[in-house]
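This report concerns only the one structure given below.
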Amino acid sequence: MAGGSRPSTLDLLLFHRQEREFFHRLVHQLGQKPVTTRWVMALWLWFESIGHHDFIRHVSSSNDRIVEAFLAEADSCLGRLLGTRTHAEDEQEELPLTNTLVAEPIGLRFFDYHRDVALKGVTYFVKNVAEIIFDDGIMEKAAQDPNHPATRRVLSSGLHIWQPNVEQSAWSMPSTSHSPPRPTSRPPSVLNPMARPWSPVTEQSSDDQRSMFITFSRGYPLTREDIKDFFNTRFGPCVEMVMIERAPAGAAPMYGRVVFTNASMIAPVLNGQRTAKFMINGRHLWARMYVPRTAAN
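Here the sequence shown stands for residues 1 to 297, numbered as in our numbering.
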């Protein structure tokens, strides 16, 4: 991918593939109303953005009865947050299921004391994520016509590409306990002293196959340089480009994408897991596999 090119207009769709599948289950299998469910999903996405990672994945892995109980608690949270439910209507202030997935216990009063922050955060996810990824019409038009207004709407929350130049690509590795020693010369073949030294063939795969999605804790983003330096220090010079969300004015970026020089880097970076968490300069970064468009379809 050229340094000046833009990422796929469906990056947002692919990033939230699991959320879309769960939304489909809630609406088409459990009979939930689409508009209400968008707000519920936005609430849970906001939970994840403030540090309660994998909230939606854990809820979606539950059976229908448990999921419906989670929905009831989310409805109570939104009712208190939006002022559509009174304290008298909420006989149960506690959120027992929700509290199994958050670091610190919360109750409905949490949304009284933190209404401004919570309402701003949830509304952000409704407008900038839920109304896009849960609208099949928008995504279909974006896929068919790159110049369609729907495409521009997706790109308004798009990614800003960073790519090292030739000089930056040839940096010298700092000494670190995480980096394996670099051989000074290639060992000769032990089978035939006249043979050429063996070198693995590195086939250049597509950006999709070499990509990893990253998310930041809300309000604590990382720079492209921080991310580049971290992975290159730990795993050797392996980053081809870093993309960061171009967030709206006044908002901090919340997600991005790392493209490695080789697809084989993803497994060791994630330590064989589907997701991984890293601490970079005192800030959390979550990473997970990028799902190519064909798999998402």
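Note that the Cβ used here is the ideal one computed from N, Cα and C, for glycine as well.
Is it buried or exposed, Q29, if we count other Cβ atoms within 10 angstroms and call 16 or more buried?
Burial call: exposed.
Quick one: residues in its chain with C-beta nearer than 7 Å to the C-beta of M265, no 5 flanking neighbours on either side, listed in chain order?
Sequence-distant Cβ neighbours of M265 in its own chain, meaning closer than 7 Å and more than five residues away, are F235, C238.
Measuring CB to CB, does M41 end up less than 8 Å from E19?
E19 is positioned such that its CB atom lies closer than 8 Å to that of M41.
4-residue-minimum alpha helix (DSSP H) runs that sit fully inside the stretch 52 to 88, ordered along the chain:
For the stretch 52 to 88, whole alpha helix (DSSP H) runs of length 4 or above, ordered along the chain, are 55 to 60, 64 to 82.
Classification of E245 by the beta-carbon crowding that lies within 10 angstroms, buried from 16 upward
It is buried - the Cβ of E245 has at least 16 other Cβ atoms within 10 Å.
Assuming V59 and W44 form a contact by the criterion Cβ under 8 Å, report the distance between their Cβ atoms to the nearest whole angstrom.
V59 to W44, Cβ: 7 Å. Contact.
Identify which residue in W286, T84, F23 has its Cα closest to the Cα of S61.
Checked all of W286, T84, F23; the closest Cα to S61 is F23.
From which residue to which residue does the beta strand (DSSP E) around L97 run?
Here L97 belongs to no beta strand (DSSP E), and DSSP marks it neither H nor E.
Out of Q273, N281, G256, A247, which has the shortest C-alpha to C-alpha gap to D229?
Out of Q273, N281, G256, A247, N281 has the C-alpha closest to the C-alpha of D229.
Closest by C-alpha distance to R257, when choosing among T215, R274, F125, G250:
Minimum Cα distance to R257 is reached at T215.
Drop a sphere of 10 angstroms on the beta-carbon of A287, count the other beta-carbons inside from all chains shown, and report buried for 16 or more, exposed for fewer.
Buried: at least 16 other Cβ atoms inside 10 Å.
Own chain residues within Cβ distance below 7 Å of Q168, not counting five before or after
The predicted model places Q168 with a pLDDT of 32, which falls under 50 and marks its position as unreliable; any figure quoted below should be read in that light. If you ignore the 5 residues before and after Q168, its C-beta comes within less than 7 Å of no other C-beta in its own chain.
Can you check which of these residues, P253, W39, K33, is closest to K127 by C-alpha distance?
It is W39 whose Cα lies nearest to the Cα of K127.
Is F111 closer than 8 Å to W46 when the C-beta atoms are compared?
Taking 8 Å as the Cβ cut-off, W46 and F111 do not qualify as a contacting pair.
Compute the distance between the beta-carbons of L81 and R115, then report whether it is under 8 Å.
Their beta carbons are under 8 Å apart, which means L81 touches R115 by this criterion.
Can you tell me whether Q273 is buried or exposed, with buried defined as 16 or more other CB within 10 angstroms of its CB?
Exposure of Q273 is indicated by the presence of fewer than 16 other C-beta atoms within 10 angstroms of its C-beta.
According to DSSP, is S206 part of a helix, a strand, or is it coil?
If DSSP states are grouped into helix, strand and coil, S206 belongs with coil.
For a minimum of 4 consecutive residues, which ranges assigned as the alpha helix (DSSP H) are wholly contained in the stretch 102 to 139?
When DSSP assignments are scanned along the stretch 102 to 139, the uninterrupted stretches of alpha helix (DSSP H) that are 4 or more residues long and fall wholly within it turn out to be 110 to 113, 115 to 125.
If you run the structure through DSSP and keep just helix, strand and coil, what is A287?
If DSSP states are grouped into helix, strand and coil, A287 belongs with the strands.
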